[in-house]
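Worksheet for the structure shown next.
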Amino acid sequence: MCHNGEINTLKGNVNLISARQGVAQSDLFQEKLKDLFPIAEPDSSDSGNFDNILEFLMLTGRTLQESIMMMIPEAWQSNEIMNQDKRAFYEYSSSLMEPWDGPASIVFTDGNYIGAVLDRNGLRPSRYYVTKDDKVIMASEVGVLPVDPKMC
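115 is the number of the first residue of the sequence shown in the working numbering; add one for each residue after it.
Here you go:
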């Protein structure tokens, strides 16, 4: 994962995930769960902590996409046209994790999928192309790389 921007809620996110470690339980990891702690490290960067928590969520059986959606949810509370299943996912996830808010544009991959998401305030721009030969070019502005128009 990498991002352009900053996570303004970092201190609160790190404090809350650290506080939850004391009551965390796992049928999957059982007594070895404590070997994964600390999940977040107070002296680490916003990228480092985001990546640690993303990895932890995936270790608990969530997909990359679910984990990202938990950490960087859409602005769902007032979205009247959102699908009810998606709304239910966000509502449930909000009881487990607070949103990581930017301004930030975050790019992620697990080797099989690649994706990108803006924080829910959408303050950091992102533009992308997928070329005819399946290259993905993404940046905060257009024109960062020369692209043959025949490939677009």
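Backbone N, C-alpha and C define an ideal beta-carbon position, used for all residues, glycine too.
Close-in-space but distant-in-sequence residues of the same chain around residue 162 (CB under 8 Å, 5 per side omitted): Counting only Cβ-Cβ distances below 8 Å, and skipping sequence neighbours, we find 155.
Test item: CB-CB of residue 170 and residue 153 under 8 Å: Between residue 170 and residue 153, the C-beta gap is smaller than 8 Å, which places the two residues in contact.
Residue 178, buried or exposed, once every other Cβ within 10 Å from all chains shown has been counted against 16: Result: buried.
Residue of 248, 122 and 252 minimising C-alpha distance to residue 241: Residue 252 is the option with its Cα nearest to residue 241.
Three or more C-beta pairs below 8 Å linking the stretch 201-210 and the stretch 219-227: Fewer than three beta-carbon pairs drawn from the stretch 201-210 and the stretch 219-227 are found closer than 8 Å, and the two stretches are therefore not classed as touching.
C-alpha distance - residue 185 paired with residue 215, whole-angstrom precision: Those two C-alpha atoms are separated by around 9 Å.
Among 246, 139, 125 and 249, nearest to residue 164 - alpha-carbon criterion: That would be 125, whose Cα lies nearest to the Cα of residue 164.
Alpha-carbon to alpha-carbon, residue 120 and residue 189: The alpha-carbon of residue 189 is positioned some 18 Å away from that of residue 120.
Best match in 247, 232 and 263 for proximity to residue 117 [C-alpha to C-alpha]: Of 247, 232 and 263, the smallest CA-CA separation from residue 117 is found for 232.
Best match in 229, 131, 175 and 255 for proximity to residue 141 [C-alpha to C-alpha]: Comparing Cα-Cα distances from residue 141 to each of 229, 131, 175 and 255, the minimum goes to 175.
Closest residue to residue 248 among 228, 147 and 255 (Cα-Cα distance): Nearest to residue 248 by C-alpha distance, out of 228, 147 and 255, is 228.
Euclidean distance between Cα positions of residue 173 and residue 213: A direct Cα-to-Cα measurement between residue 173 and residue 213 gives close to 19 Å.
Element boundaries [beta strand (DSSP E), containing residue 185]: No beta strand (DSSP E) contains residue 185, which is instead part of the alpha helix (DSSP H) from 178-185.
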